[in-house]
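As numbered in the UniProt record's numbering, residues 1 to 117 make up the sequence shown, in order.
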Amino acid sequence: MADRIVRISEEVKKEISSIIHNDLKDPRLPDMVSIISCNVTKDLRYAKVFVSVLGDEQQKKNAISALKSAAGFIRRELGHRLQLRYTPEIHFELDTSIEHGIYINKLLDDAKKEMGE
Numbered sequence: 001m002a003d004r005i006v007r008i009s010e011e012v013k014k015e016i017s018s019i020i021h022n023d024l025k026d027p028r029l030p031d032m033v034s035i036i037s038c039n040v041t042k043d044l045r046y047a048k049v050f051v052s053v054l055g056d057e058q059q060k061k062n063a064i065s066a067l068k069s070a071a072g073f074i075r076r077e078l079g080h081r082l083q084l085r086y087t088p089e090i091h092f093e094l095d096t097s098i099e100h101g102i103y104i105n106k107l108l109d110d111a112k113k114e115m116g117e
């Protein structure tokens, strides 16, 4: 059962990414919007989608609000593309893990320079 949920989550992630990049025409969405992960509940009713947005804080807020307002459209498109009994209700969350990793790498690089390596 768990393998099935993981497969469905990956398929939902792939399709949502495709919909965002190919079908959404919202000016609030920057070009660099990435779907990091997707968690679908066991009953397939809800999907939590983690999104990474490259840009400043205002661009991130605009992108998340654009995605939340387009959630119904994305859900309908997802229902057409995937053959599931239920099309999950989509909740978008901002994921800052990539930016956090970049920040950690910068700190490590700065520490190496200070040590004279």
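Using N, Cα and C, we set each Cβ at its ideal position, and we do this for glycine too.
Please read these numbers as outputs of a predicted model, since none were measured by experiment.
- [ ] Pick helix, strand or coil for residue 47, following the three-state DSSP scheme.
- [x] Taking the first residue of the sequence shown as position 1, residue 47 is located at position 47. Strand, per DSSP.
Open item on the list: Along the chain, where does the beta strand (DSSP E) containing residue 54 start, and where does it finish?
Closed with: Stepping through the sequence shown from its first residue, residue 54 is reached at position 54. Segment: none, residue 54 is in no beta strand (DSSP E) and carries neither H nor E.
Task: Exposure label - residue 78; buried when at least 16 CB within 10 Å - done: The residue labelled residue 78 in the question sits at position 78 within the sequence shown. Buried, because 16 or more other Cβ atoms sit within 10 Å of the Cβ of residue 78.
- [ ] Go ahead and label residue 111 buried or exposed: buried means 16 or more other beta carbons lie within 10 angstroms of its beta carbon, across all protein chains shown.
- [x] Within the sequence shown, numbered from 1, the residue matching residue 111 stands at position 111. Per the 10 Å Cβ criterion, exposed.
Open item on the list: Since residue 51 and residue 40 should fall inside the 8 Å C-beta cutoff, what is the C-beta to C-beta distance between them, to a whole number of angstroms?
Closed with: To locate residue 51, count along the sequence shown from 1; it is residue 51. To locate residue 40, count along the sequence shown from 1; it is residue 40. Not confirmed; about 15 Å, so no contact.
TODO: Could you pull out every residue in the same chain whose Cβ sits closer than 8 Å to the Cβ of residue 6, ignoring the five residues on either side in sequence?
DONE: Reading the sequence shown from its first residue, position 6 is the one you call residue 6. Contacts found: none.
- [ ] Assign residue 88 to one of two classes, buried (16 or more other C-beta atoms within 10 Å of its C-beta) or exposed (fewer than that).
- [x] Taking the sequence shown and counting its residues from 1, one reaches residue 88 at position 88. Counting Cβ neighbours within 10 Å, residue 88 comes out buried, since at least 16 surround it.
Open item on the list: Could you compute how far the alpha carbon of residue 11 sits from the alpha carbon of residue 27?
Closed with: Translated into the one-based positions of the sequence shown, residue 11 becomes position 11. Translated into the one-based positions of the sequence shown, residue 27 becomes position 27. Cα to Cα, residue 11 sits roughly 26 Å from residue 27.
TODO: Check whether the Cβ atoms of residue 108 and residue 15 sit closer than 8 Å, and answer yes or no.
DONE: Looking up residue 108 in the sequence shown gives position 108. Looking up residue 15 in the sequence shown gives position 15. Contact: no.
TODO: Name the residue from 13, 114, 31, 97 whose alpha carbon lies nearest to the alpha carbon of residue 47.
DONE: Numbered from 1 along the sequence shown, position 47 holds the residue referred to as residue 47. Minimum Cα distance to residue 47 is reached at 13.
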